[in-house]
Amino acid sequence: MQRLIIISVILMALSAAGHLGAQTADKSQAATRRAAQDYIKHGLILATEGRPDAAVKSFEEAIKLDPQSAEAHSLLGSALAKAGNYRRAEEELRKAVELDPGYGEGYYYLGIFLEERGRKQEAEEAFRRARQCAR
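The sequence shown runs 137 to 271 under the numbering used here.
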């Protein structure tokens, strides 16, 4: 009987430790996402100030922290376009909508980019997709 009690206590302790580990991992992931959002906010400020090169760096830091952020890829693409790096800008804009096919804003910014490059038919398709996402 005493063995059963000891085994039960050990199992409960291990279960609690596992739960604490999961909580710690969740808190760490949440902190990382918040840090990525801070880099995005900083990048937006820099872009608004007309500093696309600095904004690019901030958005790249956000992506390092949260590589699956469609928003960060889209904003990076827009900043790269403003900085004149059109090839990479298009890659990032397309990556944004690839990561999140329901990200209407991403399609919108891709459409603007394509329209500015004179690629009207591709731009119209991107705008159509943006409208579909807005429904």
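For each residue, glycine too, the CB sits at the ideal point set by N, CA and C.
All figures in this text were calculated on a predicted structure; none of them were measured in a lab.
Entirely enclosed beta strand (DSSP E) segments - the region 215-269, minimum 3 residues: none
Can you grab the Cα-Cα spacing for the pair Glu227 / Gln165, in whole Å? Taking the straight line from one Cα to the other gives about 27 Å.
In terms of alpha-carbon separation, which member of Leu250, Glu260, Glu258 and Ala206 lies closest to Pro237? Ala206
Figure out for me which residue from Asp202, Pro203, Lys200 and Gly220 has the closest Cα to the Cα of Arg187. Gly220
Cα-Cα separation, Gly240 to Ala270: 6 Å
Cα separation between Glu258 and Leu250? When only Cα atoms are considered, Glu258 and Leu250 end up about 7 Å apart.
Thinking C-alpha only, which one of Lys200, Glu234 and Glu196 is nearest Leu216? Glu196
Grab the span of the alpha helix (DSSP H) containing Glu197 for me, first residue to last. Note, Glu197: alpha helix (DSSP H), Pro188 to Leu201.
Cβ-based neighbour list, Leu201, same chain, cut-off 6 Å, excluding 5 preceding and 5 following: Thr168, Ala171 and Ala172
Have a look at Leu212 and Glu252 and give me their C-alpha separation to the nearest angstrom. Pairing Leu212 with Glu252, the inter-Cα distance amounts to about 17 Å.
Mapping DSSP to helix, strand and coil, what is Arg271? coil
Can you give the beta carbon distance from Arg265 to Tyr245, rounded, assuming they're within the 8 Å contact cut? So it is not a contact: roughly 12 Å between Cβ atoms.
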